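Residue numbers (our numbering), protein chains in the order written: chain G, 1 to 210; chain R, 1 to 295.
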């Protein structure tokens with residue numbers, strides 16, 4: 001609740017199984033982003049419970065939140081790549097901060113970049129990449145910690161239909177490896193193309209689940 | 001060790017990203033530490049002059065004519081116990097008269113032949129410099145005046161007390177002004193580091209969302225503050241040394257009438273190190289103030 005009786009999400013009871021692929025859809029302001037923010041523990045609910053892997057996210061300490069987030073990958077609509085850092089640096093941002101050696105970082109970054117098909121652009125800067133490539137780098141960054149859960153907020157919002165499909169196929173591949181994937185999008189065509197479980201939100205309530 | 005290296009590398013990267021802001025912040029820190037260092041430099045040299053002149057000071061303790069042997073013993077014990085007294089010379093009534101006659105032959109007519117010698121016996125004290133603005137000398141003077149058998153105590157270096165007062169005033173003015181400027185430096189460093197944080201907000205947000213420890217998010221900002229403050233202090237120290245050399249050369253002839261210019265000195269290593277450390281501490285506070293905004 002955002003105060004004064006305004007609810008971002010209300011009466012929402014959803015269970016997402018491990019390894020599942022779920023779309024969140026709905027109009028702008030329906031509560032898709034809040035749903036993801038709750039799962040990432042950027043926000044805690046004013047009422048109710050958010051459990052991931054049996055843990056009540058609201059009860060985590062700051063340190064536990066940090067540890068939890070290392071098990072979650074997040075992809076933004078606007079990629080949020082650091083323009084003055086190379087692809088390698090962007091992807092290895094957190095492993096480097098966490099003290100991985102240079103060799104370990106490079107090996108892991110290379111593997112994940114190879115997986116998204118951009119290992120040859122390791123030393124490029126984001127500005128030298130196309131929109132689709134930038135989003136693939138952002139996905140690589142989300143995968144570098146080998147997360148159990150990947151969240152994406154309108155990951156294709158800035159891309160044309162062909163590239164959107166390409167990115168969605170990547171998410172499908174991620175899911176095929178056993179990773180739970182939750183994608184918020186209002187692109188119904190894309191949803192129908194991928195054909196996975198879809199939660200439709202409207203004014204903070206789940207109005208459809210199929 | 002890794003975390004420290006990471007923070008240092010990121011801090012340097014941030015400094016280089018905005019050279020103009022870095023220069024402004026370092027300049028503010030430099031001005032603050034330059035003013036404080038300048039006052040310290042003047043204070044250190046005034047203190048040297050004080051100690052030098054104090055070293056030549058003497059005190060005379062005049063004894064009552066009816067001083068008893070016990071009182072004399074007690075007085076000698078007080079003098080022996082005092083750290084201020086370097087050496088002492090007893091001048092008897094006869095010695096005092098002889099000295100007076102030698103110094104003032106015209107005035108001494110009849111004194112030598114008179115039945116009573118009016119000059120008192122005394123103890124002349126050579127004093128040891130204490131470097132405490134004359135407080136220990138004043139304390140000894142008070143103690144001696146209250147000692148039985150002492151008729152009077154003369155310490156004719158009141159100007160040394162005045163110098164001590166000036167010295168103390170310079171010190172306090174320096175600390176006061178320095179404190180104000182250091183506060184300004186803290187705020188400037190904090191603002192500049194916050195600007196750097198703002199420039200890196202996407203990076204910080206991503207790192208937060210990917211579970212980077214809060215220490216690794218705040219650490220580079222604190223280190224950046226330390227580099228701002230410490231760097232500024234180093235610049236100010238170099239500038240202060242240059243100013244010291246110029247001032248010594250320019251004021252040489254005037255200075256020579258008061259003290260041998262060769263006896264002036266730059267800040268001792270401990271103080272200079274303290275100044276740089278203080279600058280770094282200012283930066284640390286500024287950096288920490290900025291880093292608190294990362295939650």
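The beta-carbon is built from N, C-alpha and C at its ideal position, and this holds for glycine as well.
Remember, predicted model here, so these are calculated numbers, not experimental data.
| Asked | Found |
| --- | --- |
| Chain-order list of residues whose beta-carbon lies under 6 Å from that of residue 92 (chain R) (same chain, five-residue window excluded) | 121 |
| Alpha helix (DSSP H) segment containing residue 80 (chain R), residue limits | 69–81 |
| Top-ranked residue by Cα proximity to residue 6 (chain R), from R:263, R:210 and R:223 | R:223 |
| Contact set between the stretch 41–70 of chain G and chain R, restricted to residues whose Cβ is under 9 Å from the partner | 42, 62, 63, 65, 66, 67, 68, 69 and 70 |
| Span of the beta strand (DSSP E) around residue 73 (chain G) | 72–75 |
| Whole-angstrom C-beta distance between residue 90 (chain R) and residue 123 (chain R), which should lie under 8 Å | 6 Å |
| Burial state of residue 10 (chain R) (16 or more Cβ within 10 Å) | buried |
| Partners in chain R for residue 93 (chain G), counting only beta-carbon separations shorter than 9 Å | 203, 206, 207, 210 and 212 |
| Helix, strand or coil at residue 138 (chain R) according to DSSP, with G and I counted as helix | helix |
| Nonlocal neighbours in the same chain, by C-beta distance under 6 Å from residue 285 (chain R), ignoring five residues either side | 186 |
| Residues of the stretch 107–131 of chain G with Cβ closer than 8 Å to any Cβ of chain R, in chain order | none |
| Completely contained beta strand (DSSP E) runs for the stretch 3–27 of chain G, where each covers 3 or more residues | 21–25 |
| Residues near residue 3 (chain R) by beta carbon distance below 8 Å, same chain, minus five either side | 215, 216 and 219 |
| Own chain partners of residue 135 (chain G) with C-beta closer than 7 Å, once the 5 adjacent residues on each side are dropped | 79, 155, 159 and 167 |
| Residue 146 (chain R) (DSSP reduced to helix, strand or coil) | coil |
| Residue-chain proximity (residue 97 (chain G), chain R), Cβ-Cβ < 8 Å | yes |
| Buried or exposed by the 16-neighbour rule on C-beta atoms within 10 Å, applied to residue 54 (chain G) | exposed |
| Residue interval of the beta strand (DSSP E) (run including residue 88 (chain R)) | 85–91 |
| Closer than 8 Å to chain G by CB, residue 195 (chain R) | no |
| Beta-bridge pairing of residue 60 (chain G) - partner residues as DSSP gives them | BP columns for residue 60 (chain G) are empty, so no partner. |
| Under 7 Å (Cβ pairs) to chain R, residues found in the stretch 134–147 of chain G | 145 |
| Any C-beta of chain R under 8 Å from that of residue 82 (chain G) | yes |
| Buried versus exposed call for residue 192 (chain R) [16 or more other C-beta atoms within 10 Å across all chains shown] | buried |
| Where the stretch 15–30 of chain G meets chain R: residues whose CB sits under 9 Å from a CB there | none |
| Span of the alpha helix (DSSP H) around residue 109 (chain G) | 102–115 |
| Rounded straight-line distance, which links the Cα of residue 27 (chain R) to that of residue 19 (chain R) | 12 Å |
| Between the CA atoms of residue 140 (chain R) and residue 150 (chain R) - distance to the nearest angstrom | 13 Å |
| Beta-carbon contacts of residue 60 (chain G) that lie in its chain and below 8 Å, excluding the five residues immediately before and after | 41 and 68 |
| Within chain R, the residues that residue 74 (chain G) reaches when beta carbons sit closer than 9 Å | 206, 209 and 210 |
| CB-CB length for residue 23 (chain G) against residue 179 (chain G), believed under 8 Å | Between residue 179 (chain G) and residue 23 (chain G) the Cβ distance is about 15 Å, and since that is not below 8 Å, they are no contact. |
| Endpoints, beta strand (DSSP E) assigned at residue 59 (chain R) | 58–63 |
| Best match in R:221, R:241, R:153 and R:295 for proximity to residue 190 (chain R) [C-alpha to C-alpha] | R:221 |
| Classification of residue 147 (chain G) by the beta-carbon crowding that lies within 10 angstroms, buried from 16 upward | buried |
| For residue 123 (chain R), the three-state DSSP class (helix, strand or coil) | strand |
| Cβ-based neighbour list, residue 153 (chain G), same chain, cut-off 8 Å, excluding 5 preceding and 5 following | 32, 33, 36, 74, 75, 76, 77 and 184 |
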